[in-house]
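Please read the structure below before turning to the comments.
Numbering (this note's numbering), first residue to last: 13 to 169.
Structural data, given as structure tokens:
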């Protein structure tokens with residue numbers, strides 16, 4: 013069951029769309045639920061579908077298409093590193109290798125302590141700051157070096 017805090021936030025998002033187009037808020041609703049619960053379970057997606065009055069499969073299609081949605085637990089901190097061409101040309105592979113070693117995980121794995129998950133990200137639209145990563149879909153860090161990554165990780169611990 014969606015909490016009152018979640019429905020209040022979804023209701024606010026719904027004010028941005030015509031009343032007969034509730035499904036237009038599906039991406040926002042999924043983001044809100046994921047932020048509160050940490051990931052999107054099948055039950056969570058079913059609840060969003062019921063609240064917005066749309067088919068469950070339509071919600072699942074959105075959630076499974078975009079890499080910002082997590083369909084399995086990801087730990088406290090999800091670190092998404094851009095590996096597209098601009099970041100790759102600016103040594104994102106070095107950042108990825110450093111994170112894998114430092115966290116003891118591969119892509120799409122959660123560390124043994126449940127704290128960190130490493131994801132490969134698609135273009136994040138900030139190529140001028142390459143290489144970059146986003147933490148929990150909210151905090152972007154640009155011009156990464158191994159030393160800068162270590163400082164960021166130290167802040168999260």
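Glycine included, C-beta positions come from ideal geometry on N, C-alpha and C.
Problem set entry | Beta-bridge partners of residue 153, as assigned by DSSP | 145
For this session: Would you identify the three-state DSSP class for residue 48, choosing helix, strand or coil?
Result: helix
Exercise. Between the Cα of residue 168 and the Cα atoms of 61, 105, 109 and 91, which residue gives the shortest distance?
Worked result: 91
Problem set entry | Among 76, 37 and 135, nearest to residue 93 - alpha-carbon criterion | 135
For this session: Assign residue 82 to one of two classes, buried (16 or more other C-beta atoms within 10 Å of its C-beta) or exposed (fewer than that).
Result: buried
Exercise. According to DSSP, which residues form a beta bridge with residue 99?
Worked result: Partner(s): none; residue 99 has no beta bridge.
Problem set entry | Limits of the unbroken alpha helix (DSSP H) element including residue 132 | Unbroken run through residue 132 is the beta strand (DSSP E), 128-133; no alpha helix (DSSP H).
Exercise. With residue 41 and residue 60 assumed to form a contact (beta carbons below 8 Å), what rounded beta-carbon distance in angstroms separates them?
Worked result: 5 Å
For this session: Give me the Cα-Cα distance between residue 121 and residue 23, rounded to the nearest whole angstrom.
Result: Distance between the alpha carbons of residue 121 and residue 23 is about 34 Å.
Exercise. Would a C-beta distance cut-off of 9 Å place residue 156 and residue 104 closer than the cut-off?
Worked result: yes
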